[in-house]
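**Student:**
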Amino acid sequence: MRNKLSYSIFPSIIFLSLVFLFLYSTFLPLYTNDSSSLPTKNFLPLSSYSTCNLFDGHWVLNSTKAKPFYDGTCPFHRNAWNCLNNERDNMGIINSWEWVPKDCSLERIDPSRFLGLMRNRNIGFVGDSLNENFLVSFLCILRVADGGAKKWKRKGAWRGAYFPKYNVTVAYHRAVLLAKYKWEPKQSAVSAQDGLKGVYRVDVDIVADEWNRMTDFYDVLVFNTGHWWGYDKFPKEMPLVFYRHGRPLNPPLGLLDGFQVVLENMVRHIQKEVPKNTLKFWRLQSPRHFYGGEWNQNGSCLFDKPLEEDQLDLWFNPSNNGVNKEARTLNHLIKEAVQGTDIQVLDLTHLSEFRADAHPAIWLGQKDAVSIWGQDCMHWCLPGVPDTWVDILVQLIRNSLETV
C-alpha cells in the first residue's frame with residue numbers, strides 16, 4: 027500500500043516542479059537589472075508612480091557641485107550657445123547653482139546607466155530652437171558614456187547623434203509651429219490689403235513635413251512650440267493666415283486663437299498616429315529674460331545672479347505688461363490642449379524663470395552678432411540650465427521604465 031501511494035504521488039511532484047521552473051524562467055527577467063534584456067517600448071504610464079514634483083523648488087548656490095559633464099570641445103555644440111568658448115563671464119558661478127525640488131531629490135544623470143537603460147531605443151525632440159538647445163545639452167552629456175557617438179541626420183531630423191555602443195539615437199526635428207506653414211507672396215488672393223507683403227499660410231490640420239511619418243521610430247518624444255508665436259516673428263505686414271481642409275478659416279483667427287487651434291489639431295494627431303506605448307512629453311515654455319526692451323529694441327540680460335522668487339510675477343505674470351509675459355499665457359493653453367491625453371507635461375518654465383543670469387547675452391561667438399541680432403536672452407548657455415532639464419527628463423523616463 028505504501029509503495030502504491032509513493033508511485034501515485036511521484037508524477038504529481040514532477041508536474042509541480044515543471045510548473046515552478048516554467049514560472050521562474052518566465053518572471054525572472056522582470057527582476058533583472060540588465061537593461062539590455064528589456065524589450066523595446068516597455069514603458070509604463072508616469073501616472074502609475076507616486077513621483078514627487080520635480081518642477082517646484084528653488085536654486086541653491088553650491089560651491090561643491092560637481093562640474094558639468096562637458097566643456098566647449100563637445101562636437102555637438104552650437105557656436106552661439108558655447109559660452110565657454112565665447113568666454114562668457116561667470117560661467118563657473120552659472121554652473122554652481124543647483125535646482126533643489128521642495129519635497130524630494132533630483133538625481134544627476136548617470137550617462138552610462140541611462141544609455142544602458144535606453145539600449146535599442148530612440149529619443150526624439152520636435153519643435154523650435156529651444157528644443158534644439160535642450161538636445162545639444164543632452165547629446166554632450168551622453169557622449170561622456172560613448173566617445174564613438176556620431177552625428178546623425180536622417181528621417182527629416184535637423185540634427186542628432188547615434189550612440190553605437192548602446193544602439194541609441196537622440197535627434198531633433200525642427201518644426202517651429204508644429205503645423206505645416208509656407209510663405210505666400212503678395213500676389214496671393216488673400217494679400218490684397220495695402221502694406222501687406224504677403225502671408226504665411228498655416229494649415230492647422232497638417233503636421234509639418236519635418237516630423238510627419240517618423241514618430242514610430244522614437245520610443246520617447248518631446249514636443250514644444252510657442253516661441254515663434256509672436257508679432258516679432260510674424261508682424262502685421264507678414265501675418266499668419268490659418269487654413270483647415272485647404273480653405274481659410276472664417277472668420278480669420280488672431281495669433282493666440284490660431285495657436286490654440288493648432289495645438290488642438292497637433293495633439294489630436296499625436297494621439298491618433300503616435301504609438302500608444304511611446305512615452306510622450308510636451309515641454310512648456312522656456313522663459314525669456316529681456317530687460318528694457320525686446321530682442322530688437324536693445325533688450326538686455328546682463329545679470330550676474332538668478333532672480334528672487336518675489337520678482338517672478340513682475341516679469342512673467344500676464345497681468346503685468348512686460349516683454350516676457352507670454353510664456354505663462356501659452357502654457358495655460360498647452361495644458362488645456364493635452365489634458366486628458368497620455369502626453370505628460372514637462373513643466374520646466376518655473377525653474378527656468380529664475381535664471382536671468384544664464385543666457386548667452388552678448389557672448390555669441392560671432393563678430394557684430396549683437397549689433398545685427400541683439401542680445402540673446404532667449405536661448406541658454408551650455409553647459410547651463412538645460413543640463414538640469416536633462417536631469418529632470420531622465421528621472422521621469424527612468425520612472426516610466428520601472429516594472430512592478
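Per the working numbering, numbering through the sequence shown is continuous, rising by one, with the last residue being 430.
We treat Cβ as the ideally placed atom computed from N, Cα and C, and that holds for glycine.
Let's see if you can read the secondary structure: which residues bound the alpha helix (DSSP H) around Pro409?
**Tutor:** Unbroken run through Pro409: none, as it is neither H nor E.
**Student:** By a C-beta neighbour count over all protein chains shown, 10 Å radius and 16 as the cutoff for buried, is His103 buried or exposed?
**Tutor:** His103 is classed as buried because its beta carbon has at least 16 other beta carbons within 10 Å across all chains shown.
**Student:** Going by other Cβ atoms of all chains shown within 10 Å of its Cβ, with 16 needed for buried, is Trp125 buried or exposed?
**Tutor:** buried
**Student:** Give the DSSP bridge partners of Ser326, in chain order.
**Tutor:** Tyr317
**Student:** Alpha carbon to alpha carbon, what distance is there between Trp308 and Met292?
**Tutor:** 11 Å
**Student:** Rounding to the nearest angstrom, what Cα-Cα distance links Ile167 and Phe140 in this structure?
**Tutor:** Taking the straight line joining both Cα atoms gives about 11 Å.
**Student:** Take Val371 as the anchor and find which of Trp406, Lys351, Phe380 and His358 has the nearest alpha-carbon.
**Tutor:** His358
**Student:** In angstroms, rounded to a whole number, what distance separates the CA positions of Pro412 and Trp85?
**Tutor:** 14 Å
**Student:** Apart from the five residues on each side of it in sequence, which residues of its chain come closer than 6 Å, Cβ to Cβ, to Glu158?
**Tutor:** Tyr198
**Student:** When the Cα atoms are used, what is the spatial distance from Pro65 to Ala106?
**Tutor:** Residue confidence for Pro65 is low, a pLDDT of 42 falling below 50, so the modelled location carries little weight; the figure read from the coordinates is stated next. About 39 Å.
**Student:** With 16 other CB atoms within 10 Å as the buried threshold, where does Tyr96 fall?
**Tutor:** In this structure Tyr96 is buried. Its beta-carbon is surrounded by 16 or more other beta-carbon atoms within 10 angstroms.
**Student:** Candidates Arg381, Trp399 and Ser345: which alpha carbon is nearest Trp123's?
**Tutor:** It is Arg381.
**Student:** Which word fits Glu133, buried or exposed, when buried means at least 16 other C-beta atoms lie within 10 angstroms of its C-beta?
**Tutor:** Counting the other Cβ atoms within 10 Å of the Cβ of Glu133 gives fewer than 16, which makes it exposed.
**Student:** Since Phe81 and Asp373 are thought to touch, with beta carbons under 8 Å apart, how far apart are those beta carbons, to the nearest angstrom?
**Tutor:** With 8 Å as the limit, Phe81 and Asp373 qualify as a contact, their Cβ atoms being about 4 Å apart.
**Student:** Can you tell me which of the three DSSP states Gly186 falls into?
**Tutor:** Looking at Gly186 - three-state DSSP - the assignment turns out to be strand.
**Student:** Gly118 to Asn112, Cα distance in whole Å?
**Tutor:** 14 Å
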